[in-house]
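The opening position of the sequence shown corresponds to residue 93 in my numbering, with each subsequent residue numbered one higher. Every residue gets a Cβ at the ideal spot worked out from N, C-alpha and C, and that includes glycine. Below: one structure, written as structure tokens.
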Amino acid sequence: MSGVGIVHYTKNDEPGTLVAEWCHSEYGNGTGVATGGPSKGFEGHYRIIYYDDQGNLQAERELDIKKSGAQYQVSWLNNGDVSAVGIGIETSGGLSVGYRD
């Protein structure tokens, strides 16, 4: 299976900021920080930077999260083009999203 992954976002103490933990079928796993979002909830538009498990820059993207009922539609944009899409659910610990490049 290639081009699939999962990411879990949690709120940071700083309003509008999310912390990410991710794994991907080809790129391994790592962390990330999203900024510029709303002070409440997960729905919104963010700028996110992802790092691999060694702390090296992996990717910089725009992150768009939209709520639709109990689920979230998520897309990642690279220079304005959609590079990945996903679907997620809110859990007691944050927002968990499965995605595909």
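Between the CA atoms of Q146 and Q163 - distance to the nearest angstrom: 32 Å
Cα-Cα separation, V111 to G172: So the alpha carbons of these two residues sit roughly 22 Å apart.
Proximal residues to S117 (C-beta, below 6 Å), its chain only, five neighbours per side dropped: M93, S94 and V96
CA-to-CA distance, G133 to E106, given in whole angstroms: 13 Å
Buried or exposed by the 16-neighbour rule on C-beta atoms within 10 Å, applied to V174: exposed
Bounding residues of the beta strand (DSSP E) (the contiguous stretch that carries T123): G120 to T127
Neighbourhood of R151 by C-beta distance below 7 Å, restricted to the same chain and skipping five residues each side: Per the sequence presented here, residue 151 reads as Ala, with Arg not at that position. Take A151, set aside five residues on each side of it, and the residues of its chain with a beta-carbon closer than 7 Å to its own are Y142, in chain order.
In DSSP terms, what D156 is bridged to: H137 and S167
Check whether D144 and G122 have beta carbons under 8 Å apart: In contact: D144 and G122 (Cβ atoms closer than 8 Å).
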